[in-house]
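Down below is the structure, laid out as structure tokens.
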Amino acid sequence: MSMEQELGVLTVSTRGFGFIDVTNELNQWVQEAGLEAGLLTMLLQHTSASLVIQENADPDVLRDLADALQRLAPESHPYRHSAEGPDDMPAHIKAALTSPSLSVPVMGGRMALGTWQAVYVAEHRAMPHRRRVALHFSGTRSLA
Amino acid sequence: MSMEQELGVLTVSTRGFGFIDVTNELNQWVQEAGLEAGLLTMLLQHTSASLVIQENADPDVLRDLADALQRLAPESHPYRHSAEGPDDMPAHIKAALTSPSLSVPVMGGRMALGTWQAVYVAEHRAMPHRRRVALHFSGTRSLA
Amino acid sequence: MSMEQELGVLTVSTRGFGFIDVTNELNQWVQEAGLEAGLLTMLLQHTSASLVIQENADPDVLRDLADALQRLAPESHPYRHSAEGPDDMPAHIKAALTSPSLSVPVMGGRMALGTWQAVYVAEHRAMPHRRRVALHFSGTRSLA
Chain F
1137 MSMEQELGVL TVSTRGFGFI DVTNELNQWV QEAGLEAGLL TMLLQHTSAS
1187 LVIQENADPD VLRDLADALQ RLAPESHPYR HSAEGPDDMP AHIKAALTSP
1237 SLSVPVMGGR MALGTWQAVY VAEHRAMPHR RRVALHFSGT RSLA
Chain L
1137 MSMEQELGVL TVSTRGFGFI DVTNELNQWV QEAGLEAGLL TMLLQHTSAS
1187 LVIQENADPD VLRDLADALQ RLAPESHPYR HSAEGPDDMP AHIKAALTSP
1237 SLSVPVMGGR MALGTWQAVY VAEHRAMPHR RRVALHFSGT RSLA
Chain E
1137 MSMEQELGVL TVSTRGFGFI DVTNELNQWV QEAGLEAGLL TMLLQHTSAS
1187 LVIQENADPD VLRDLADALQ RLAPESHPYR HSAEGPDDMP AHIKAALTSP
1237 SLSVPVMGGR MALGTWQAVY VAEHRAMPHR RRVALHFSGT RSLA
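Read top to bottom, the protein sequences are chains F, L and E.
The opening position of the first sequence corresponds to residue 1137 in our numbering, with each subsequent residue numbered one higher.
The opening position of the second sequence corresponds to residue 1137 in our numbering, with each subsequent residue numbered one higher.
The opening position of the third sequence corresponds to residue 1137 in our numbering, with each subsequent residue numbered one higher.
So this is what it looks like as structure tokens:
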């Protein structure tokens, strides 16, 4: 079967600080495009939010992770870049410590994640935002 | 030469806290599949371990890196998520600060790493685990 | 249109601590190779520098980010690995906390970055270095 590719965009509305599980939306995009096996790559097109793969079982993991990032990039620090509010520069730091891009193999029309893994858009700003995730798939399509 | 792809899994037995060099295993997988030039992407299918590219020369670099991650995610912190032991939530944080997915160009049947680079599975739990790394290659095969 | 790939290397001269914007050089490489739509993956082939996507508007963001990384990996700590100077082990830690590899979708012959995003080579050593970024593109070529 010959290799093909598909480009797309996923738009996600965040509710301020926190993690939005986009695993189902991503698998749905893969299925609706008729993709079967290959590689899905995501790029979050912003610098104060990021992509994180983390545990989908105990929601306390995400709360503790948010707290840990808060301690590593505290709002109380006297940042030079402060015009956009006290949460903005910490958000850039948290985004740099996690990642804007992720790649996940696709098998059988679904992302080949581990049992306990989900893909999250991590919103590091205090206020809700609309975040764009650019998508790229390369691989094979299903026969149907 | 037309583009092809190959999917696979590498299973790694860790010995608790520390870094397992999987560079040779990855290059072996590339060679056994007859892959020549392209892109190798790895996804560690767990949320308390991660993939790290670091120096392969002085082992003290890995010890200092492990200590640094320990300071950034100390076991002594009163985490909400504590039922799986004091090392578990720090392991999730360390995994989020490093990365579950990595992509490395392949040239001449080997990963195009820098001279001093190796690919490590970083085990962030205290006890040994079996860790799965999903593999995806896209590119060209060797003629043989 | 059938999928093709292109491999390359970008060499970047850094000036010691700081961020070098390589967005234009990367887009130029894409254009000169006649690439249209697909995925660009970069691997920085060193362990004391890294790749970072961050804001290209207010340069204070990069200064605050450098300071934050300095606080997370201070030179004053008594590292085991110290023979290469007090800035070397912190550089390895900063490289591990950010990332050596990044993937960005390409559309219309350019990286599909967000409005405020640029790709930087982050130099974590005090002295200037020549840094190599291995490049891989897979996708389609423009018709011209």
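Cβ coordinates follow ideal geometry from the N, Cα and C atoms, glycine included.
Exposure label - residue i; buried when at least 16 CB within 10 Å
{"i": "P1289/L", "result": "Any question about residue 1289/L goes unanswered here, given that chain L covers just 1137 to 1280."}
{"i": "S1239/F", "result": "buried"}
{"i": "T1147/F", "result": "exposed"}
{"i": "S1218/E", "result": "exposed"}
{"i": "L1279/E", "result": "exposed"}
{"i": "R1174/E", "result": "Arg is not the amino acid found at residue 1174/E; the sequence shown has Gly there. Under this definition G1174/E is a buried residue."}
Proximity below 8 angstroms, CB of residue i to CB of residue j
{"i": "Q1167/F", "j": "M1139/E", "result": "no"}
{"i": "L1233/L", "j": "L1233/F", "result": "yes"}
{"i": "V1145/L", "j": "L1187/L", "result": "no"}
{"i": "E1259/F", "j": "T1150/F", "result": "yes"}
{"i": "L1176/L", "j": "S1237/L", "result": "no"}
{"i": "L1271/L", "j": "L1143/L", "result": "yes"}
{"i": "T1251/F", "j": "M1137/F", "result": "no"}
{"i": "M1225/F", "j": "G1152/F", "result": "no"}
{"i": "R1216/F", "j": "D1200/E", "result": "yes"}
{"i": "M1247/E", "j": "L1162/E", "result": "yes"}
{"i": "S1235/F", "j": "S1274/E", "result": "no"}
For residue i, the three-state DSSP class (helix, strand or coil)
{"i": "H1272/L", "result": "strand"}
{"i": "T1177/F", "result": "strand"}
{"i": "D1203/F", "result": "helix"}
{"i": "P1195/E", "result": "helix"}
{"i": "D1157/E", "result": "strand"}
{"i": "E1168/E", "result": "helix"}
{"i": "A1231/F", "result": "helix"}
{"i": "L1162/L", "result": "helix"}
{"i": "M1263/E", "result": "coil"}
{"i": "P1241/E", "result": "strand"}
{"i": "M1247/F", "result": "strand"}
{"i": "L1208/L", "result": "helix"}
Distance, residue j Cα to residue i Cα
{"i": "N1192/E", "j": "Q1253/E", "result": "6 angstroms"}
{"i": "V1269/E", "j": "D1157/E", "result": "13 angstroms"}
{"i": "Q1164/E", "j": "L1205/L", "result": "37 angstroms"}
{"i": "F1155/E", "j": "P1195/E", "result": "10 angstroms"}
{"i": "L1171/F", "j": "D1223/E", "result": "47 angstroms"}
{"i": "R1261/L", "j": "H1182/L", "result": "11 angstroms"}
{"i": "A1227/F", "j": "E1211/F", "result": "9 angstroms"}
{"i": "Q1190/F", "j": "A1209/L", "result": "16 angstroms"}
{"i": "S1266/E", "j": "A1202/E", "result": "Before going further, note that residue 1266/E is Arg rather than Ser in the sequence given. Cα-Cα distance, rounded: 19 angstroms."}
{"i": "I1229/E", "j": "S1184/E", "result": "8 angstroms"}
{"i": "T1159/L", "j": "V1257/E", "result": "24 angstroms"}
{"i": "A1169/E", "j": "P1214/L", "result": "53 angstroms"}
{"i": "G1245/F", "j": "A1231/E", "result": "34 angstroms"}
Could you please tell me which residues of the stretch 1227–1241 of chain F, in chain order, have their CB closer than 8 angstroms to any CB of chain E?
-> Of all residues in the stretch 1227–1241 of chain F, the ones placed with a Cβ closer than 8 angstroms to any Cβ belonging to chain E are H1228, I1229, A1231, A1232, L1233, S1235, P1236, S1237 and S1239, in chain order.
Listed from N- to C-terminal order along the chain, which residues in the stretch 1162–1174 of chain E have their beta-carbon within a distance smaller than 8 angstroms of any beta-carbon of chain F?
-> Of all residues in the stretch 1162–1174 of chain E, A1173 and G1174 have a Cβ within less than 8 angstroms of some Cβ in chain F.
Members of the stretch 1246–1259 of chain L that neighbour chain E once the beta carbon cut-off is set at 7 angstroms | Here the close residues are A1248, L1249, G1250, W1252 and Q1253.
Residues of the stretch 1202–1220 of chain E whose Cβ lies closer than 7 angstroms to any Cβ of chain F, in chain order = For the stretch 1202–1220 of chain E, the residues whose beta carbon sits under 7 angstroms from a beta carbon of chain F are, in order, A1204 and L1208.
Contact residues within the stretch 1184–1203 of chain F, judged by C-beta distance below 7 angstroms to chain L = Cβ contacts with chain L: V1188, I1189, Q1190, E1191, D1194, D1196, V1197, R1199, D1200 and L1201.
Note down, in chain order, all residues in the stretch 1266–1277 of chain E with a beta-carbon under 9 angstroms from any beta-carbon belonging to chain F.
-> So the close ones are S1274, G1275 and T1276.
What residues in the stretch 1138–1152 of chain E have a beta carbon less than 9 angstroms from any beta carbon of chain F?
-> Residues S1138 and M1139.
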